[in-house]
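The structure appears right after this line, and notes come after that.
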Amino acid sequence: EEIKDRFMLDLEIEVSKSTLHRELDKRVYTFKSVHYEPLQMNDPTFKGKRREYVQQLRDLLGQGKIPIWIDETNFNLFTSRTKARSLRGRRAVSIRGGTQKGKNLHVIGAISTTNSQTWSVQATRCE
4 EEIKDRFMLD
14 LEIEVSKSTL
24 HRELDKRVYT
34 FKSVHYEPLQ
44 MNDPTFKGKR
54 REYVQQLRDL
64 LGQGKIPIWI
74 DETNFNLFTS
84 RTKARSLRGR
94 RAVSIRGGTQ
104 KGKNLHVIGA
114 ISTTNSQTWS
124 VQATRCE
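Each residue of the sequence shown is one higher than the one before, counting from 4 in this note's numbering.
Structure follows, in structure tokens:
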């Protein structure tokens with residue numbers, strides 16, 4: 004629908020979905036689930052930082068200390084697209100960002116190696 008609308012707006016040409024599908028298929032484009040990939044995922048700098056973190060964690064566990072991980076996040080309840088077109092053999096990648104819509108859930112959680120966990124959730128409206 005999105006590509007069909009772009010043809011109408013930009014070129015003032017009405018095209019059917021089946022025609023678009025057939026033409027994109029000729030060019031080896033497929034419709035697949037979007038894979039979200041963080042910008043720093045495989046950067047060598049961040050791999051080194053992860054290695055340092057694991058070494059520090061092992062040292063603390065060796066001293067008999069129990070680590071507690073605390074994290075907070077805002078989860079936006081707005082649902083975004085999960086399908087996109089891409090060349091066959093390549094992932095359909097979407098860069099996250101942009102405006103937020105809908106309600107936010109503010110979540111704070113804590114967990115330790117002894118499996119004790121705590122959660123706090125608060126709903127807010129994003130304008």
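The beta-carbon is built from N, C-alpha and C at its ideal position, and this holds for glycine as well. If you're wondering where the values come from, they're calculated on a predicted model, not measured in any experiment.
Beta bridge counterpart(s) of residue i as assigned by DSSP
| i | result |
| --- | --- |
| residue 73 | 113 |
| residue 78 | 108 |
| residue 35 | 87 |
| residue 127 | 107 |
| residue 96 | 38 |
Check whether residue i and residue j have beta carbons under 7 angstroms apart
| i | j | result |
| --- | --- | --- |
| residue 108 | residue 96 | no |
| residue 58 | residue 49 | no |
| residue 80 | residue 106 | yes |
| residue 75 | residue 111 | yes |
Backbone secondary structure at residue i - three-state DSSP
| i | result |
| --- | --- |
| residue 120 | strand |
| residue 59 | helix |
| residue 68 | coil |
| residue 19 | coil |
| residue 4 | coil |
| residue 9 | helix |
| residue 30 | coil |
(message) Tell me whether the segment 69-77 and the segment 113-130 touch, counting them as touching only if at least three CB pairs, one residue from each stretch, are closer than 8 angstroms.
(response) yes
(message) Tell me whether the segment 32-48 and the segment 85-96 touch, counting them as touching only if at least three CB pairs, one residue from each stretch, are closer than 8 angstroms.
(response) yes
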